[in-house]
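Beneath this line is the structure, given in structure tokens, with notes to follow.
Residue numbers (my numbering): 1114 to 1196.
Below, the structure written as structure tokens:
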């Protein structure tokens, strides 16, 4: 059984692999879990994840863009924890 890391629920409300493949093939993606913000998973990070899921390969961010964002996001999250 597959679960979303952020919330522990199945991301497509089913464990049927064929149904998940069909959903993803038709453009379906998991919704951002409500608890994500509390874990430092910001709207900007969610937007980056959605870009990575793009069916259009040319619309996906490259590795440098992802690493740059993650380095900044980690620093911002750690700074909030220190305050």
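Quick reminder that beta carbons are idealized off the backbone N, C-alpha and C, glycines included.
Is residue 1122 helix, strand or coil when you go by DSSP?
coil
Which runs of the beta strand (DSSP E) fall wholly inside the region 1148 to 1184 and span at least 3 residues, in chain order?
none
Any idea what DSSP makes of residue 1138, helix, strand or coil?
helix
Candidates 1126, 1178, 1155 and 1154: which alpha carbon is nearest residue 1165's?
1178
Apply the 10 Å Cβ neighbour rule to residue 1149 and answer buried if 16 or more other Cβ atoms are within range, or exposed otherwise.
buried
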